[in-house]
């Protein structure tokens, strides 16, 4: 045991925890008795009726296998594969997210460079930032008149703030000595921005982008529960209405896995731009 | 009006003191530097050495006075004036080589990529760096190596004036010694005009043609210009044997320890030019140690 690396030991512990947790879960779910074994009294009080209980992990795994072996089937508006649902959600998240990045990063750059712009825009940012993105939904639905675009707008509005604030913060905090290096080498404004300020602020900017994508993925589930139609949020709500708790648990797990993957992508990007002084 | 290559004319720097008045850091400082000369400025903290350097670099503006280099007034930073800062003059996300190539490419925009690369590598090799460290980031280099890269970058763009702001201040004594040697070696092969700030008297004597001594601030001024009458090429070990070494060193120590305080304070002079001091024990019959006002 002692000659094992920390990673190996951690992996073993993770698996033990996973199996112990699943086993415990499986054990605490009482198995439903067959109607024949019920007493007269139980039958009279409805004990024999089909009752939806919390499914054991074995059923969830079965469901996962069934769903993941054919993720892209499309059998009408209320019956689409998990892959299609997640695809819709990712599309909405990325569309809103990149629109936000397109505005937040240049605007953040400006705010970071100019103390006047910072002071002028700060009150607006401070008021708009704490608003729950879902509070925009009714207004968005009324103005945009399209549920799909409204969902994208909600993602846009929730992911813009961390990127905007982090970009401004990162740009404002660039070491003056590095800017002086650019100045003494007669780099123009544009080259200074791209060769010095952007790489210097990149770690902070990417951190903001990473926070934003996390928030966007949290918000899309709630937004899709409201707008309906497609997406993983809609899928969860639809399966709840179907009282199919196995699918609900399966989709909860899928939301976690996709969120982790999105975050990991930005983790890679972060490693790429990080530098040490 | 001086006709020197670099001429500093009645430079003053004042800041608001926060109580409605003004603090004068230095006043009416005037001095000149000849082409190819290595000038070191010595003085206590707070006398405005770094401010003078920033003004020469074009990174700061003087309250009054002008700096004229090669017949043109200095305004704003330029590739004609290269700067090596004490710290952080390398961009940490670029490799050692890229830190040099970006400067070379900025200086010679018409050069091909190959030309830029060859020129940059040549200068890195000149300061004693081997090819295996070219692709390392500054954080993977020792403090001494980092300053070598900074020096290589400064020489690679052959500025008309090279400004060194305590380049070895953050290094340990042994590393400092070897890099001083490298700097002397690289400088000897060029006709580079250098203006350097340091706190280290021995370093100043080893490197300089002339040392400017500043009085304490506020109202600091450049009081003396001490010629270093020790022939080149110099090296750290032999220079201490020279008869002039301790005479000059004593003079500098006395100035910094005593005179810099006594001479401090405002003067009525419209222009504070340094007095030239020449100490030469090797030719006592010809010229005794004297203070000649110019």
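Residue numbers (our numbering), protein chains in the order written: chain A, 15 to 291; chain B, 764 to 1057.
Ideal Cβ placement from N, Cα and C applies to all residues, glycine included.
Bear in mind that the values here come from a model prediction, so they are computed numbers and not experimental data.
{"Item": "Chain D within 7 Å of residue 180 of chain A, Cβ atoms only", "Value": "You won't find chain D in this structure, because its protein chains are A and B."}
{"Item": "Minimum Cβ-Cβ distance from residue 825 of chain B to chain A less than 7 Å", "Value": "no"}
{"Item": "Residue 931 of chain B versus residue 849 of chain B: straight-line alpha-carbon distance, rounded", "Value": "7 Å"}
{"Item": "Neighbour flag for residue 848 of chain B against chain A, beta carbons, 7 Å", "Value": "yes"}
{"Item": "Inter-residue spacing [alpha-carbon to alpha-carbon] between residue 787 of chain B and residue 134 of chain A", "Value": "35 Å"}
{"Item": "Beta carbon proximity, residue 856 of chain B to chain A, threshold 7 Å", "Value": "yes"}
{"Item": "Alpha-carbon spacing of residue 246 of chain A relative to residue 213 of chain A, whole angstroms", "Value": "36 Å"}
{"Item": "CB contact flag (residue 163 of chain A, residue 122 of chain A, <7 Å)", "Value": "no"}
{"Item": "Any chain B beta carbon closer than 7 Å to residue 189 of chain A", "Value": "yes"}
{"Item": "Three-way DSSP call (helix, strand, coil) for residue 791 of chain B in this model", "Value": "strand"}
{"Item": "At least three beta-carbon pairs within less than 8 Å, the region 986-1001 of chain B to the region 967-977 of chain B", "Value": "yes"}
{"Item": "Any C-beta of chain A under 7 Å from that of residue 1023 of chain B", "Value": "no"}
{"Item": "Interface flag, residue 195 of chain A vs chain B, CB-CB below 7 Å", "Value": "yes"}
{"Item": "Interface flag, residue 852 of chain B vs chain A, CB-CB below 7 Å", "Value": "yes"}
{"Item": "Within 7 Å, strictly: CB atoms of residue 938 of chain B and residue 907 of chain B", "Value": "yes"}
{"Item": "Cβ pair residue 770 of chain B, residue 847 of chain B closer than 7 Å", "Value": "no"}
{"Item": "Opposing strand residues paired with residue 954 of chain B [DSSP bridges]", "Value": "According to DSSP, which records beta bridges pairwise, residue 954 of chain B is partnered with nothing at all."}
{"Item": "Cβ pair count under 8 Å reaching 3, the region 166-181 of chain A against the region 218-230 of chain A", "Value": "yes"}
{"Item": "Helix, strand or coil at residue 849 of chain B according to DSSP, with G and I counted as helix", "Value": "coil"}
{"Item": "is_contact[residue 198 of chain A, chain B] using C-beta, thresh 7 Å", "Value": "yes"}
{"Item": "7 Å CB neighbourhood of residue 155 of chain A in its chain, flanking five on each side removed", "Value": "161 and 164"}
{"Item": "Chain A contact for residue 840 of chain B (CB, 7 Å cutoff)", "Value": "yes"}
{"Item": "Simplified DSSP state of residue 828 of chain B, which is helix, strand or coil", "Value": "strand"}
{"Item": "Separation of residue 72 of chain A from residue 41 of chain A, as counted between CA atoms", "Value": "11 Å"}
{"Item": "Length of the line joining the Cα atoms of residue 851 of chain B and residue 116 of chain A", "Value": "31 Å"}
{"Item": "Contacting residues, own chain, Cβ-Cβ under 7 Å from residue 262 of chain A (five flanking each side not counted)", "Value": "250, 253 and 254"}
{"Item": "Ranges of the alpha helix (DSSP H) found wholly within the region 920-1008 of chain B, counting only runs of at least 4", "Value": "936-951, 964-970 and 999-1002"}
{"Item": "Residue 1051 of chain B, DSSP secondary structure in three states", "Value": "Bear in mind that the predicted position of residue 1051 of chain B carries a pLDDT of just 48, short of 50, making it unreliable; the figure below should be weighed with that in mind. Reduced to three states, the DSSP call for residue 1051 of chain B is coil."}
{"Item": "Segment limits, beta strand (DSSP E) that includes residue 197 of chain A", "Value": "Note, residue 197 of chain A: premise wrong, no beta strand (DSSP E); alpha helix (DSSP H) at 190-198."}
{"Item": "Residues near residue 1051 of chain B in its chain [Cβ-Cβ closer than 8 Å; skip 5 each side]", "Value": "Legend: pLDDT at residue 1051 of chain B = 48, less than 50; position of this residue unreliable, value from coordinates given subsequently. Around residue 1051 of chain B: no qualifying Cβ."}
{"Item": "Residues near residue 66 of chain A by beta carbon distance below 7 Å, same chain, minus five either side", "Value": "Note on residue 66 of chain A: pLDDT 49, under 50, position unreliable in the model; the coordinate value appears next. Closer than 7 Å at Cβ, skipping near neighbours: 257 and 259."}
{"Item": "Proximity winner among B:841, B:834, B:819 and B:835, relative to residue 202 of chain A (alpha-carbon distances)", "Value": "B:841"}
{"Item": "Pair within 7 Å by beta-carbon distance, residue 106 of chain A and residue 234 of chain A", "Value": "yes"}
{"Item": "Residues of its chain near residue 147 of chain A, where Cβ-Cβ distance is below 6 Å and the 5 sequence neighbours each way are ignored", "Value": "168, 171, 172 and 233"}
{"Item": "Residue-chain proximity (residue 213 of chain A, chain B), Cβ-Cβ < 7 Å", "Value": "yes"}
{"Item": "Cβ-heavy atom distance, residue 961 of chain B to the ligand NAP, below 6 Å", "Value": "Questions concerning the ligand NAP fall outside what the structure shown contains, since it holds no ligand whatsoever."}
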